[in-house]
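J.: In the working numbering, the protein residues as written are 220 to 333. What follows is a single structure, and I will ask about it in a moment.
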């Protein structure tokens, strides 16, 4: 695991750290060979050099964005579309729990391994 990604996660509020750690475990458990890259000030997860997902922590939320998601329909209140729809994001706020099965399904679909 990338030490810069670890430092980014560990430097956040306790509730954000917990969500990020859960998302990170889910990514590694779902995508064999995934590589963590710290770029643009955020943790990115890549497969074969292609960005698959990114973590972004803001003051009141943690966002988990996946790339290559144009074929995945947004889910109101759960999965929002960004830009032209090629990117989708799940936002977590304090008190929210990560649904590892939902996140794993997203990852498999965007990585083409489902």
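No residue lacks a Cβ here, since even glycine has one placed at the ideal position from N, Cα and C.
Taking the CB atoms as reference points, tell me whether residue 222 and residue 228 lie closer together than 7 Å.
T.: Taking 7 Å as the Cβ cut-off, residue 222 and residue 228 do not qualify as a contacting pair.
J.: Taking the alpha carbon of residue 232 as the reference point, which residue from 295, 246 and 278 has its own alpha carbon closest?
T.: It is 278.
J.: Closest to residue 325 by C-alpha separation, out of 315, 271 and 301, would be which residue?
T.: Among 315, 271 and 301, the Cα nearest to that of residue 325 is on 271.
J.: Looking only at C-alpha atoms, which of 224, 241, 225 and 230 sits nearest to residue 318?
T.: Nearest option by C-alpha distance: 241.
J.: Just to confirm the assignment, what range does the beta strand (DSSP E) spanning residue 326 have?
T.: That residue, residue 326, is in no beta strand (DSSP E); its alpha helix (DSSP H) goes 319-330.
J.: Once the 5 residues before and after residue 280 are set aside, which same chain residues still bring their CB inside 7 Å of it?
T.: Once the five neighbours on either side are set aside, the close Cβ partners of residue 280 are 310, 311 and 312.
J.: Could you tell me which residues DSSP pairs with residue 352 in its beta bridges?
T.: Residue 352 lies beyond the residue range present for the chain, which begins at 220 and ends at 333; the question has no answer from this structure.
J.: Identify which residue in 267, 244, 288 and 261 has its Cα closest to the Cα of residue 254.
T.: It is 267 whose Cα lies nearest to the Cα of residue 254.
J.: Buried or exposed for residue 269, please, with buried defined as at least 16 other CB atoms from any protein chain shown within 10 angstroms of its CB.
T.: So residue 269 ends up on the exposed side.
J.: Comparing C-alpha positions only, which one of 276, 261, 244 and 274 sits nearest to residue 320?
T.: It is 244 whose Cα lies nearest to the Cα of residue 320.
J.: How many angstroms separate the CA atom of residue 285 from the CA atom of residue 273?
T.: Each residue's Cα considered, the two are about 7 Å apart.
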